[in-house]
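Shown next, in structure tokens, is the structure this report addresses.
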Amino acid sequence: MPAPTRATTAAEAAAGRAGQAARGRSLHRKAAANPQNVLCCAGSALRYTLQRRLGLSRLLFVSMVTLVFTRGAFASDTPQVPPEDSKFLAPTLPSSDAAAYGEAESAGGAGDQQQQRRVEAMQQVLPAAARLAAALGTEEAKELLQVAEALVPQPGVTVHPKELEAGAEILLSALSSLQSLAVARAAALAQQQEQQQGSFPELEVREPPPQNSGKELEVIDVADELEGNDAALTFLKLHRSLGEAAAQLQSSFAEVSHGVQTAQKFRTEADAPALAAAAADLELLSHIVGSLEHLQALAVPVRDRAYDSMRIVKLRRGEEVLQQVEAELRLLNITKQLAQEAAAAKPAAAAKPAAAAKPAFQRMEEISAELEALLKQLRADVEQVRSSATMKEISLASEQLEAAAERARSLLGNLKNEAQLLPPLPARIQSSSSSSSSSSSSSSSSSERSIAAEAQRHHQNILAGAAAVRSALEGARDSIQRLTSSSSSSSSSSSSSSSGGGGFKSKLQHVGSSISAALMSRLGEISSQMESSLQQTESLMQALPSVQRPEAALNSLQRLAELSVELARKKEEAQLLLLEGELVRALDKDAQHLAAAAAYYAAHAFDPDSREAEYMQGDHKQFKEMMEMLGSAESVVDAEDLVSAARFAAASMRDTLAQRRRKDCEKLQSEQAKGEP
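So the sequence shown is numbered by UniProt numbering: it starts at 1 and just counts up by one.
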């Protein structure tokens, strides 16, 4: 609040001095008839002096002083006249009152020790008040603390007993108001947390299986769907761990908040522990709120990466099925075409076996048409998986895709069975240059073109797949290199992700370099395997034109199809490798917060012989061991296990601190109850 201006203060002081002579002449005359009038005059002088000394707004402080003096007027039997020679509050009184003040001063000499004890009690309550004001951190709390500090006499300053008593009442009122602010803050935080119930970013999963009916879907329930992928499963485990930690924090918050709102009330200087307790509880509440904000901010990108990892796994499976069905269908159609060409090239004497195979040709045509229609459904299902946003949507879309894929596999099996009934394939693939007749030339060049077209299709798919793998590897390499390299934007990146921005870009502080080295090694393996696949592809493409045997040509096409599928898997591995780097950063970010939390809990003093001290030391030791092991972890699975163990140890430290706070509050309430009449 704004302090009084110099002009305002001077005007008020002049007005006070101008009226003091008249007030002083009639002070004793009015006192006998109405003591409250005298108190109001003295209170007015005291208020002017306090306002000048404290530099506070008149509306805030003067109203409080007026309340105290008005209340004191009915409890006092003597006029509360401000002493003329006081060094603490020094309004100038009329000379007619000087003798009365001198007599009061000499009469009060016997109570110097009692007065000194009162001053010491006022001084001793200030540290707790300062801690509480700092915990509140508001301007109103700071002003109340300034009032309290200004009302405590400085060493060597002479203070009249009446003046000291008046200042003490104001001090107690200010500190009581300070405690009320703490209660209001706790209530407001509790209401805020209540409104945020259910705001934790949960995973949207499919309905649990029948054997798990009525329970939350566990990670194990989707393990098969994720094919045991470490990164995907670890994202799910980490998210579940964050959710459990948030629930525990909310429970602790409710307990501590309730303790603040029902704590011992501050009444006298002897209740200083109540202020210290309120400050400690508010500090703990603020810490819990910060921890909840951290968990919620971290859970958002962890959840999104869990979705991404599951989508990558499901999408790769869908693309693999689609490629396999398309390739096998085209390969069987080429086989049928070769058989038809072989039958057409035979003399009339061999026409009977070819006629017997005619139903097989017809059934293959029918199955092929059905498969072509099913391929359209498979492509639509793959795109549905690609566009799915949540785990539930991904799971449902992949189930539809799997159902269509199962139907496609069944039709492919039927198609292969029919192919077994076809006439034998020709011994050699006829080309236009090796045929003597025009009809034979047309027929042989058709099968030759089909084989060449299929090989070229696979070649293009493989080149596109290799480009996708390279792109994914570049992103993964950049992500992994940032794990151990310093960056000028580390702090800003860390700040943005802590606010829920969605990324983890800061340099690692707790997770060791072993994981980064392992990730880079796997990246190199994927790159080498991709290059090997490309070399095999080029070798097959170069050799295929000279292949004469149909079986050999079909085997080459089959191998090209397999290489295309292998590259789809390498793309998946590279994409998951990038996410694994993000997972390492998420674990390290969580470890940073846990380290700060453990340090906060361990910094609280405990009785060395108490059980709480033993628990705190044991949990802190375990926490430090987990963090030390985290520095040498070699896989994300191990790192997540260690971070979860460290989180458990930190939560146990927090519970020990909260338990100590409960005991302290119960002790204060018990002592206050014993002291009451």
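Built from N, CA and C at the ideal position, the CB exists for glycine as well. This structure is a prediction, so every number in the text was calculated from the model and none was measured.
Take the Cβ of residue i as the centre, count every other Cβ of all protein chains shown within 10 Å, and call the residue buried at 16 or more, exposed below.
| i | result |
| --- | --- |
| Arg449 | exposed |
| residue 679 | Residue 679 lies beyond the stretch modelled for the chain, which goes from 1 to 677, so this question has no answer here. |
| Leu144 | buried |
| Thr262 | exposed |
| Asp588 | buried |
| Asn417 | exposed |
| Ala574 | buried |
| Thr158 | exposed |
| Ala32 | Confidence in Ala32 is poor, its pLDDT being 33 and thus under 50, which makes the residue's placement unreliable; the coordinate value appears in the next sentence. Per the 10 Å Cβ criterion, exposed. |
| Ser438 | In this prediction, Ser438 scores a pLDDT of 42, lower than 50, which makes its location untrustworthy; the coordinate-derived value is nonetheless stated afterwards. Exposed, since its Cβ has fewer than 16 Cβ neighbours within 10 Å. |
| Arg117 | exposed |
| Pro153 | buried |
| Asp381 | buried |
| Gly198 | exposed |
| Leu666 | According to the sequence provided, residue 666 is Glu. The question's Leu does not apply to it. Classification of Glu666: exposed, given that the 10 Å Cβ count is below 16. |
| Glu525 | exposed |
| Asp308 | buried |
| Pro545 | exposed |
| Asp271 | buried |
| Lys570 | buried |
| Ser252 | buried |
| Glu280 | Checking the sequence, you will find Ala at residue 280 rather than Glu. Buried, since its Cβ has 16 or more Cβ neighbours within 10 Å. |
| Thr70 | Bear in mind that a pLDDT of 43 at Thr70, under 50, signals an unreliable position, so the number given afterwards is only what the model happens to contain. Result: exposed. |
| Pro550 | buried |
As a quick exercise: from the options, pick the residue whose alpha carbon is nearest that of residue i.
| i | options | result |
| --- | --- | --- |
| Glu365 | Ala651, Glu640, Asn414 | Asn414 |
| Ala121 | Leu132, Gly167, Lys142 | Gly167 |
| Leu178 | Gly137, Ser395, Met310, Leu534 | Gly137 |
| Phe623 | Ser610, Asp609, Asp641 | Asp641 |
| Tyr615 | Ala174, Leu164, Ser652, Leu483 | Ser652 |
| Leu332 | Glu255, Leu425, Ala397 | Leu425 |
| Gln340 | Phe361, Leu508, Asp664, Gln617 | Phe361 |
| Ile429 | Gln420, Ala419, Ser447 | Ser447 |
| Ser540 | Leu554, Arg585, Lys358 | Residue identity check: residue 540 is Leu in the sequence provided, not Ser. When only C-alpha atoms are compared, the closest one is Leu554. |
| Glu328 | Leu275, His458, Ser513 | His458 |
| Leu172 | Arg482, Ala135, Gln124 | Gln124 |
| Val385 | Arg317, Val183, Ala232 | Arg317 |
| Ala306 | Leu203, Ile367, Ala599, Gln264 | Leu203 |
| Ser527 | Gly465, Glu255, Lys358, Asp664 | Gly465 |
Using beta-carbon positions only, say whether residue i and residue j come within less than 8 angstroms of one another.
| i | j | result |
| --- | --- | --- |
| Val643 | Asp590 | yes |
| Leu292 | Ser257 | no |
| Leu282 | Val313 | no |
| Pro273 | Leu668 | yes |
| Ala646 | Leu583 | no |
| Leu577 | Arg522 | yes |
| Glu536 | Leu563 | The residue you asked about is not Glu; residue 536 is Gln in the sequence shown. Yes, they are a contact pair. |
| Ala568 | Glu402 | no |
| Leu378 | Val302 | no |
| Leu411 | Glu370 | yes |
| Leu375 | Ala455 | no |
| Ser533 | Glu572 | no |
| Gly631 | Ala476 | no |
| Glu634 | Ile480 | no |
| Leu236 | Leu295 | no |
| Ala404 | Lys336 | no |
| Val462 | Leu557 | In the sequence as presented, Val is not what sits at residue 462; that position holds Ile. No, they are not a contact pair. |
| Val469 | Met391 | no |
| Phe266 | Leu189 | no |
| Lys142 | Ala129 | no |
| Ala408 | Val289 | no |
Tell me which residue opens and which closes the alpha helix (DSSP H) that residue i is part of.
| i | result |
| --- | --- |
| Lys376 | 358-387 |
| Leu331 | 272-345 |
| Leu544 | From DSSP, Leu544 is part of no alpha helix (DSSP H); its letter is neither H nor E. |
| Asn229 | Here Asn229 belongs to no alpha helix (DSSP H), and DSSP marks it neither H nor E. |
| Asp619 | 611-630 |
| Val183 | 161-195 |
| Ala397 | 391-419 |
| Pro550 | 550-602 |
| Arg131 | 126-136 |
| Ala141 | 139-151 |
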